[in-house]
Amino acid sequence: MRILGRLGLIVLLVAAVSAMWWLDTLRDPDPVDEAPPEARHEPDFYFNDFRLRAHERSGPPGYVIEGERLVHYADDDTAEMTEPRLRLDSGDGAPWRVRSRLGTLSPDGDVLELREDVFMRRDAAARPPLVLRTTRMTVFTEAQRAETDQPVTIVSPGQRIAAVGMTARFATGQIEFHRDVRGDYDPTIAP
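Under the numbering used here, residues 980 to 1170 are what the sequence shown spells out, in order.
Laid out in structure tokens, this is it:
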């Protein structure tokens, strides 16, 4: 009996210690490892009605980006924009203007991702004006190039072209369509 009594006491003692440990874990749960602020995708600053100018080495602006709101994120050093508007001056004096509802600017400012109702216009100068519409476009500001893999529609005097995918080179004014190209030629068409 003595052995059974001691064994019962040991079992009771182990059960009491286990219950106390279990209750302690319920009362004081392990702290959640939170990521440091720089690792979370949270804004660290923002601007309303902003204007960014990137200057060429010779001094004049290479491009200008304006918009309603810019929110910067420290974790990936990107900037999210609302209603961004981009102006790029080409070598022939015909500026290109691009706008959309949303945009993301890369940390170095060389890549601008535009989303939702993208509208691009080349003003008249040495070349005829044109208007381009699509849903998404990537603008490479340093390379002076824009690309999309989405359906595009381009209208210029006397012609309308629809295609899927496009590359535009701002400096030369050259536009390359990727596939499924259809065109209408009519003297009454105007951008």
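Beta carbons are placed, not taken as given, at the ideal position from N, Cα and C, and that holds for glycine.
Can you tell me whether S997 is buried or exposed, with buried defined as 16 or more other CB within 10 angstroms of its CB? exposed
To the nearest angstrom, how far is it from the Cα of A1125 to the Cα of A1058? 19 Å
Report the residue from Y1042, G1046 and G1041 whose alpha carbon sits nearest the alpha carbon of F1026. G1046
Rounded to whole angstroms, what is the Cα-Cα separation between R1032 and A1122? 16 Å
Measuring CB to CB, does I1044 end up less than 8 Å from P1063? yes
Given T1146 as reference, the closest of L1111, S1135 and G1137 once Cα atoms are compared: L1111
Taking the beta strand (DSSP E) that R1080 belongs to, which residues open and close that run? Looking at the DSSP string, R1080 is not in any beta strand (DSSP E), and its letter there is neither H nor E.
Going residue by residue through the stretch 1092-1147, where are the continuous beta strand (DSSP E) segments of at least 3 residues, counting only ones entirely within it? 1109-1119 and 1124-1135
Report the rounded CA-to-CA distance for P1107 versus T1113, giving the unit in angstroms. 20 Å
Own chain, CB closer than 7 Å to R1030, minus 5 neighbours either side, in chain order: V1043 and E1045
Would L1093 and V1131 qualify as a contact pair, given that the criterion is a beta-carbon distance under 8 Å? no
Buried or exposed: F1024, going by 16 or more other Cβ atoms within 10 Å of its Cβ? exposed
Using C-beta distances below 6 Å, list every residue in its chain close to I1140, excluding the 5 sequence neighbours before and after it, in chain order. I1133 and G1162
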